[in-house]
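Enquirer:
In our numbering, the protein residues as written are 88 to 424.
(1) For residue 424, name the three-state secondary structure that DSSP assigns.
(2) Between the C-alpha atoms of residue 296 and residue 156, what's the straight-line distance to the nearest angstrom?
(3) Are there 16 or more other CB atoms within 10 angstroms of the CB of residue 244, so buried, or fewer, so exposed?
(4) Could you give the distance in angstroms between the alpha-carbon of residue 265 and the alpha-carbon of residue 162?
(5) Please report the residue range of the beta strand (DSSP E) in which residue 343 lies.
(6) Is residue 255 helix, strand or coil when you go by DSSP?
(7) How many angstroms separate the CA atom of residue 109 from the CA atom of residue 380?
(8) Pull up the CB-CB distance for residue 165 and residue 353, whole angstroms please, since I reckon it's below 8 Å.
(9) Which same chain residues, not among the five before or five after residue 294, have their C-beta less than 8 Å away from its C-beta?
(10) Suppose you measure from the CA of residue 368 to the CA of residue 233; what does that come to, to the nearest Å?
(11) If we count the other Cβ atoms within 10 Å of its Cβ and call it buried at 16 or more, is residue 292 buried or exposed?
(12) Counting only runs that start and end within the stretch 346 to 382, where is the alpha helix (DSSP H) found for 4 or more residues in a row?
(13) Within the chosen definition, does the stretch 336 to 355 reach the stretch 407 to 415 through at least 3 CB pairs nearer than 8 Å?
(14) Please report how far the alpha carbon of residue 248 lies from the alpha carbon of residue 173, in whole angstroms.
(15) Sorry if obvious, but does the Cβ on residue 391 come closer than 7 Å to a heavy atom of the ligand GTP?
(16) Using the beta-carbon count (16 or more within 10 Å), is residue 376 buried or exposed?
(17) Where does residue 425 fall in DSSP's three states?
(18) Expressed to the nearest angstrom, what Euclidean distance is found between the alpha-carbon atoms of residue 201 and residue 190?
(19) Does the count of Cβ pairs from the stretch 206 to 220 and the stretch 177 to 190 closer than 8 Å reach three?
(20) What is the residue span of the beta strand (DSSP E) that residue 229 lies within?
(21) Helix or strand or just coil, what does DSSP make of residue 135?
(22) Quick one: complete alpha helix (DSSP H) runs, 4+ long, within the stretch 144 to 177?
(23) Do the CB positions of residue 372 and residue 318 come within less than 8 Å of each other?
(24) Output the boundary residues of the alpha helix (DSSP H) element that contains residue 221.
(25) Can you tell me where the alpha helix (DSSP H) with residue 295 in it begins and where it stops?
(26) Just the Cα atoms here: how many angstroms apart are residue 122 and residue 246?
(27) Can you give me the Cβ contacts of residue 230 inside the same chain, cut-off strictly under 6 Å, excluding the 5 residues immediately before and after it?
(28) Can you check DSSP and say which residues form a bridge with residue 312?
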């Protein structure tokens with residue numbers, strides 16, 4: 088059993104931090120939180136890749152990393168709020184020196200652990216046994232593979248990334264990931280190449296299955312089709328192409344109100360590498376705190392249930408409701424985009 092501190096004695100002046108900061112005016116519908124099921128934690132921005140669509144601006148030169156005291160709060164929060172899922176992201180979350188300890192602690196609590204994996208991390212120095220560790224712990228792997236074409240993937244993520252990704256998928260398949268009846272979920276993630284919404288998820292998944300099986304012998308559990316958010320690195324690219332305004336207009340014109348019931352911010356709360364809370368990972372990158380408050384800390388969840396809180400919304404939120412919708416778990420409906 089891995090032992091963690093319980094977080095007692097951490098003093099935060101939360102009252103003085105509650106400054107209203109709802110973000111810019113937007114036509115997006117007001118939202119309230121439902122029951123909290125998922126804690127999504129960004130362990131740091133260091134990554135072995137620097138993808139063009141990355142809304143975190145992660146890369147090899149980033150040094151931000153969650154400290155031990157903040158990380159030690161995570162298992163007690165999972166227990167206090169009776170959460171069913173710990174969703175680990177980054178950067179490459181596996182590069183955090185306590186990644187494996189945290190996974191073990193969460194699994195001992197009976198919590199599902201999601202590793203948002205870029206696949207190439209499995210072939211990095213010092214990570215030779217990472218895939219086996221994930222399988223032994225029953226971790227759900229959500230793996231980025233923005234296309235089944237080597238040319239498209241390498242253009243978006245760097246030369247040689249596609250080949251390394253296929254090697255990683257084969258390694259995971261050999262351990263039982265994506266194999267029927269083995270209980271090891273392997274979810275692939277698709278992102279469009281430019282200023283467009285993803286095609287219908289079901290159709291795209293069928294294409295992925297056919298090509299990956301026929302050309303590479305790769306199988307997987309299911310596919311998530313995610314829209315690119317017009318923030319950070321992707322927004323800068325759109326601006327350079329003169330497409331930022333038109334892409335935002337596309338998202339708003341394709342808004343589907345039925346998706347509001349299933350957006351991730353209703354059941355998930357996001358934690359940055361310093362322990363501050365946000366309504367989603369995208370708000371985190373824009374500095375829009377949970378409920379629009381400038382400072383709320385992970386430690387608050389030890390004694391407070393956020394159900395019923397207002398969700399801070401802004402124009403980028405249309406990226407989650409446009410067309411078939413988009414969230415950490417893929418499309419929200421079967422509507423064509």
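Note that CB positions come from ideal geometry on N, CA and C, so glycine has one too.
Expert: Concretely, from the data shown:
(1) Indexing the chain shown from 1 puts residue 424 at position 337. Because the pLDDT at residue 424 is just 47, under 50, the model does not fix this residue reliably, and the point stays unresolved.
(2) As a first step, residue 296 is located in the chain shown; it is residue number 209 there, counting from the start. As a first step, residue 156 is located in the chain shown; it is residue number 69 there, counting from the start. Going from the Cα of residue 296 to the Cα of residue 156 covers about 43 Å.
(3) Walking along the chain shown from the start, residue 244 turns up at place 157. Buried, by the Cβ-count rule.
(4) Taking the chain shown and counting its residues from 1, one reaches residue 265 at position 178. Taking the chain shown and counting its residues from 1, one reaches residue 162 at position 75. Taking the straight line joining both Cα atoms gives about 28 Å.
(5) Translated into positions along the chain shown, residue 343 becomes position 256. That residue, residue 343, is in no beta strand (DSSP E); it is neither H nor E in DSSP.
(6) Against the chain shown, residue 255 aligns to sequence position 168. Helix, per DSSP.
(7) Along the chain shown, read from residue 1 onward, the residue named residue 109 stands at position 22. Along the chain shown, read from residue 1 onward, the residue named residue 380 stands at position 293. Low local confidence applies: a pLDDT of 48 at residue 109 is under 50, so the model's placement there is unreliable, with the coordinate-based value given in what follows. Residue 109 and residue 380: Cα-Cα distance of roughly 7 Å.
(8) What you label residue 165 is simply residue 78 of the chain shown in a count that begins at 1. What you label residue 353 is simply residue 266 of the chain shown in a count that begins at 1. About 19 Å separates the two Cβ atoms, so there is no contact after all.
(9) Taking the first residue of the chain shown as position 1, residue 294 is located at position 207. If we look at residue 294 and ignore the five residues flanking it on each side, its Cβ neighbours are 235.
(10) Taking the chain shown and counting its residues from 1, the one referred to as residue 368 is at position 281. Taking the chain shown and counting its residues from 1, the one referred to as residue 233 is at position 146. Taking the straight line joining both Cα atoms gives about 19 Å.
(11) Looking up residue 292 in the chain shown gives position 205. The residue is buried, with at least 16 neighbouring Cβ atoms inside 10 Å.
(12) 368 to 373
(13) yes
(14) Position 161 of the chain shown, counting from 1, holds the residue named residue 248. Position 86 of the chain shown, counting from 1, holds the residue named residue 173. Roughly 27 Å between the two C-alpha positions.
(15) The ligand GTP is not among the ligands present in this structure, which contains no ligands whatsoever.
(16) Here the question's residue 376 lines up with position 289 in the chain shown. Looking at its Cβ environment, which holds 16 or more other Cβ atoms inside 10 Å, residue 376 is buried.
(17) For the chain, the structure presents residues 88 to 424; residue 425 sits outside this window and is missing.
(18) For the purposes of this step, residue 201 is taken as residue 114 along the chain shown, with counting starting at 1. For the purposes of this step, residue 190 is taken as residue 103 along the chain shown, with counting starting at 1. The straight-line gap from Cα to Cα measures roughly 9 Å.
(19) yes
(20) As a first step, residue 229 is located in the chain shown; it is residue number 142 there, counting from the start. Note, residue 229: beta strand (DSSP E), 227 to 231.
(21) In the chain shown, counting from the first residue as 1, residue 135 sits at position 48. Three-state DSSP puts residue 135 in coil, outside helix and strand.
(22) 155 to 158, 161 to 167
(23) Numbered from 1 along the chain shown, position 285 holds the residue referred to as residue 372. Numbered from 1 along the chain shown, position 231 holds the residue referred to as residue 318. Cβ distance < 8 Å, so residue 372 and residue 318 count as in contact.
(24) The residue you call residue 221 lines up with position 134 of the chain shown. First-last of the alpha helix (DSSP H) with residue 221: 217 to 224.
(25) Translated into positions along the chain shown, residue 295 becomes position 208. It spans 288 to 303 - the alpha helix (DSSP H) in which residue 295 sits, taken as one unbroken run.
(26) Locating residue 122 in the chain shown gives position 35, counting from the first residue. Locating residue 246 in the chain shown gives position 159, counting from the first residue. Each residue's alpha carbon lies about 43 Å from the other.
(27) As a working note, residue 230 is residue 143 in the chain shown. Correct list, in chain order: 204, 206, 275.
(28) In the chain shown, residue 312 corresponds to position 225, counting from 1. Answer is 277, bridged to residue 312.
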